[in-house]
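In UniProt numbering, the protein residues as written are 1 to 299. Please read the structure below before turning to the comments.
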């Protein structure tokens, strides 16, 4: 019989009835794994379950859900004392699974669960906004944020990540830029932005590689701005050949500061945050996560 470290799975309530997941857990338990399962119902549940995980002394807390669930678990974990903090595992069960996909987490639930429990822990960075709200994958602002926040749940359930693109094409009336100023280390830009991506990870919005060179353990955030010059040509070139577009600006820094005089909204792994001023900085190596040994997000 194999020996597995104890773990606690924090499962998004939308995935509680997944028969394949139930079988994967049952198979591991038959092989000697001790897996506690807790289901979230409302905001704040993940933090309570992490408190329980610390009391139980489990080695791993597994985030079972989409990018929002992963972010909620990661954000709560970094608030715990590092000496007694469990490692985070990832079980992709959401609509887009942008973080899990770019990290190379297996789509097969049994393989993903195995990795989440026994994979090698790796220290990764976490981004913090205005010294309070965190994200592990990406902050996006502009047209893409408005689309992802308004895409109907039924459409996402039926079509997955492509639902964001379809809904975006249906809502071209929302295509308007945000006036802002962005500063970072050796970086300054001011103008009208159609889309802004600030990445610790690489992709958002159901598979869009907004920050294709980002690494989650290099102490740096990647920035990509899609300017509004020649708005429709800029949008379609951005979607198809961003490396060829004169409307795309890139930068990197350990922090970025965004000033939006008319206000704007950023989507932080599914959590909207509105305001006129955003200070985004990294907490280097703030969390240990079980990732594939060939994960392209690691330097």
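The beta-carbon is built from N, C-alpha and C at its ideal position, and this holds for glycine as well.
Span separating the alpha-carbon of residue i from that of residue j
i	j	result
residue 255	residue 106	31 Å
residue 166	residue 5	A caution first: residue 166 carries a pLDDT of 39, below 50, which makes its placement in the model unreliable, though a value can still be read off. Residue 166 and residue 5: Cα-Cα distance of roughly 43 Å.
residue 118	residue 290	8 Å
residue 181	residue 260	7 Å
residue 223	residue 140	10 Å
residue 73	residue 82	15 Å
residue 100	residue 176	30 Å
residue 299	residue 179	34 Å
residue 135	residue 32	34 Å
residue 93	residue 68	11 Å
residue 16	residue 267	25 Å
residue 138	residue 203	7 Å
residue 210	residue 66	18 Å
residue 189	residue 183	7 Å
residue 58	residue 227	47 Å
residue 103	residue 263	32 Å
residue 220	residue 284	9 Å
residue 47	residue 76	5 Å
residue 86	residue 258	33 Å
residue 286	residue 126	6 Å
residue 296	residue 201	10 Å
residue 279	residue 128	8 Å
residue 53	residue 192	45 Å
Helix, strand or coil at residue i [DSSP, three-state]
i	result
residue 69	helix
residue 118	helix
residue 15	helix
residue 180	strand
residue 279	strand
residue 274	strand
residue 190	strand
residue 8	strand
residue 287	strand
residue 126	strand
residue 3	coil
residue 295	coil
residue 47	helix
residue 214	coil
residue 257	strand
Bridge-paired residues (DSSP) for residue i
i	result
residue 92	65
residue 139	198, 268
residue 223	198, 251
residue 208	204
residue 38	10
residue 87	60
residue 101	None, per the DSSP bridge assignment.
residue 134	128
Exposed unless 16 or more other CB atoms sit within 10 angstroms - verdict on residue i
i	result
residue 195	buried
residue 274	exposed
residue 22	exposed
residue 62	buried
residue 10	buried
residue 56	exposed
residue 20	exposed
residue 130	exposed
residue 293	exposed
residue 26	exposed
residue 213	exposed
residue 64	buried
residue 40	buried
residue 3	exposed
Chain B contact for residue i (CB, 9 Å cutoff)
i	result
residue 260	Included in the structure is just one protein chain, with no chain B present.
Residue i CB to nearest heavy atom of the ligand FMN below 8 Å
i	result
residue 254	As for the ligand FMN, it is missing from this structure, which has no ligand bound.
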